[in-house]
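Accompanying notes for the structure given below.
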Amino acid sequence: MTEPNDVPADDHLPDGPEPEADASEVDTAEVDAAVHEFWDTARHYAKLNAVPTYFGPTPLDSVPPPAWGFGATPEHNDELLALVLEGTKTATASAVWDYEAEDETLPEPGTLSIILDGEGRPRALIETTEVDLVPFDEVSEEHAFLEGEGDRSLEHWREVHERFFTEHATHDHGFIRDMPVVCERFKVLYSD
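Numbering-wise, the working numbering puts 179 at position 52 of the sequence shown, and it's gapless, one number per residue.
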């Protein structure tokens with residue numbers, strides 16, 4: 128699932144429907160191979176395979192975590208990834224209803240993810256450190272600050288997330304001021 132997270136300034140968001148991805152632009156097999164190669168390197172540097180296995184490969188050895196980008200567009204992915212890599216962005220938010228609509232499990236502490244850039248290349252391995260489910264209108268100033276975007280204020284956070292949750296929802300509930308939001312904190316375990 129492309130995470131429905133933070134929204135850039137208006138000049139980065141598409142005005143109309145998002146353009147269809149041209150199949151010739153993204154080679155899925157190439158992206159999958161890059162994710163597997165990144166995972167092999169990242170888990171070594173993040174010391175995720177520090178204990179030797181005596182009974183063959185484990186799922187951690189063979190199945191990489193989900194790979195996704197933070198943004199609504201390739202440019203937005205790159206913008207948010209830069210904030211992650213510089214350490215400014217250590218939190219994100221998603222609509223609970225999007226997880227339910229896509230039949231996906233909510234993140235929990237210890238969840239690993241590979242973050243992709245705007246061209247679909249794996250660039251960072253993150254680990255979820257904390258998850259809170261809160262109504263949209265109760266998201267804290269601290270969380271807005273940790274998302275690292277704009278002026279880092281709660282007012283900015285609410286403005287861009289209301290727009291994002293309205294324009295990019297995968298559910299049919301619409302935007303509601305007290306809709307449930309997943310507030311997730313994370314740390315970077317490895318980046319290239």
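Even for Gly, the Cβ is constructed at its ideal location relative to N, Cα and C.
Item: Rounded C-alpha distance that separates Asn-204 from Val-211; Value: 10 Å
Item: Exposure label - Ala-222; buried when at least 16 CB within 10 Å; Value: buried
Item: CB of Glu-257 within 8 Å of CB of Pro-236, strictly; Value: yes
Item: Bridge-paired residues (DSSP) for Trp-284; Value: DSSP lists no partner for Trp-284.
Item: Residue burial classification, Pro-141 (beta-carbon count within 10 angstroms, cutoff 16); Value: Bear in mind that the predicted position of Pro-141 carries a pLDDT of just 35, short of 50, making it unreliable; the figure below should be weighed with that in mind. By the 10 Å Cβ count, Pro-141 comes out exposed.
Item: Alpha-carbon to alpha-carbon, Cys-310 and Ala-194; Value: 19 Å
Item: C-alpha gap between Tyr-317 and Thr-168, whole angstroms; Value: 9 Å
Item: Of the residues Phe-197, Ala-156, Ala-160, the one placed nearest Asp-244, counting alpha carbons only; Value: Phe-197
Item: Beta carbon of Ile-241 nearer than 8 Å to that of Pro-192; Value: yes
Item: Segments of 4+ residues assigned as alpha helix (DSSP H) that fall wholly inside the region 184-258; Value: 186-189, 201-212, 223-228
Item: CA nearest to the CA of Pro-262, picked from Leu-252, Arg-304, Thr-293, Glu-157; Value: Arg-304
Item: Contact under 8 Å by Cβ, His-283 with Gly-275; Value: no
Item: Pair within 8 Å by beta-carbon distance, Leu-281 and Ala-271; Value: yes
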